[in-house]
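Here's what the structure looks like:
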């Protein structure tokens, strides 16, 4: 058995954080990430980078963390009892980008590695992660581009990989209490160890390396579109759904809070401004209603037969 190279994983993740921050700064000229290096009492720490009030990005958080300890939260050992009593390490890069312009989607990406060790036993380890897109006003060509890049990330690893992880993403980023998807999906994978360490590590790197290729062309295409207060109001309302998912369902958020992680870094995914409205829904026939009917339902965005209506908000 090949021993997982934790140092190689850490070096890649730190480099990925650096590359993503640089790419976002170049897209939002003049905006700069602030850096916060932190340690946690229970073991380990991280490097949080946050950009606020840029011309393009209202808030962008790109967090690297490497935490370790001997006491996994009950939520982890309940599903994986074999982890009890083991020393664990969890490394990852997690990011959420909230743009100003309502025609630019919010985006999220995460790649991570987990290992639990016990003297006299083989280590238990796996990779996880993915990326997903949350539009407020949909454009079919953006959806096709996003999923085409996701397909490219997966293709070297087998024809079955993209549809498998695309479906997992659709299922995972689903708000059961709202009966709607969080957005148009992308990729989600977890507990990946099949094929050995090098193979699984290579796949995680492919997902991480394709994030900017998927997101920045959409930002470049939409950032200059004019928008109204009505567009902005709807964006802030829909951000509430993002908050609901992260606080109710998201595994990373729950694991971080339950394992004694750093609250500020864990909750950096939340948008700076949100509007809440009681029992509201958009009027039929509006662009806001179209989001629900066309973009908040799981569909095959790479099937040209399903994609014959280009989103064109009335601007």
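Numbering (my numbering), first residue to last: 82 to 396. Beta carbons: idealized from backbone N, C-alpha and C, even for Gly.
When the Cα of residue 214 is compared with those of 269, 139, 201, which residue comes out closest?
269
Using 8 Å for Cβ pairs, my map puts residue 179 next to residue 138. What's the rounded Cβ distance?
7 Å
Exercise for review: Tell whether a beta-carbon distance below 8 Å holds between residue 379 and residue 211.
Suggested key: no
Determine the extent of the alpha helix (DSSP H) in which residue 225 is found, giving its start and end residues. 221-235
### Query
CA-CA distance, residue 153 and residue 165?
7 Å
Does residue 307 pass the burial test, meaning 16 or more other C-beta atoms within 10 Å, or should it be called exposed?
exposed
Item checked: Among 144, 196, 119, 111, nearest to residue 86 - alpha-carbon criterion -> 196
Member of 319, 222, 90 whose CA lies at the smallest distance from the CA of residue 363
319
Residue burial classification, residue 83 (beta-carbon count within 10 angstroms, cutoff 16) = exposed
Residue range of the alpha helix (DSSP H) that includes residue 297 = 278-303
Inset, instruction - Name the one or two DSSP bridge partners that residue 267 has. - result: 213
Q: On a CA-only basis, which of 371, 169, 146, 256 is nearest residue 91? Give me that one, please.
A: 146
Query raised in the report: Relative to the C-alpha of residue 276, which residue among 295, 326, 238 is closest?
Result: 238
Review point. Helix, strand or coil for residue 255 per DSSP?
Key: strand
Alpha helix (DSSP H) runs contained entirely in the region 84-129, provided each spans 4 or more residues: 87-108
So, at 6 Å on beta carbons, what are the nonlocal neighbours of residue 105 in its own chain, with the 5 sequence-adjacent residues on each side left out? 141
>> Contact between the region 333-353 and the region 367-383 is defined here as three or more beta-carbon pairs at a separation below 8 Å; is this criterion met?
In response: no
Exercise for the section: Use the C-beta contact count for residue 354: other C-beta atoms within 10 angstroms, 16 or more gives buried, fewer gives exposed. Expected result: exposed
- In this structure, does DSSP put residue 181 in helix, strand or coil? coil
task = Look at the alpha carbon of residue 287 and the alpha carbon of residue 347, and state the distance between them as a whole number of angstroms.
result = 24 Å
Discussion item. Here's the rule I'm using: 16 or more other beta-carbon atoms within 10 Å means buried, otherwise exposed. How should residue 394 be labelled?
Written reply: Annotation note: pLDDT 48 at residue 394 (below 50); position unreliable, coordinate value reported separately. Residue 394 comes out buried.
>> Taking the alpha helix (DSSP H) that residue 370 belongs to, which residues open and close that run?
In response: 368-371
Option nearest residue 170 by Cα separation, candidates 208, 241, 118: 208
* Thinking residue 98 and residue 130 are a contact (beta carbons under 8 Å), I'd like their distance in whole angstroms, please. => 7 Å
**Asked** Is DSSP giving residue 335 helix, strand or coil here?
**Response** helix
Can you give the Cα-Cα distance for residue 175 and residue 249, rounded to whole angstroms? 18 Å
**Item:** Candidates 273, 132, 88, 372, of which the one nearest residue 263 by Cα
**Value:** 372
- Query: Taking just the CA atoms, how far does residue 167 sit from residue 202?
  - Reply: 10 Å
Item to complete: For residue 170, write down the residues that DSSP places opposite it in a beta bridge.
Response: 149, 196
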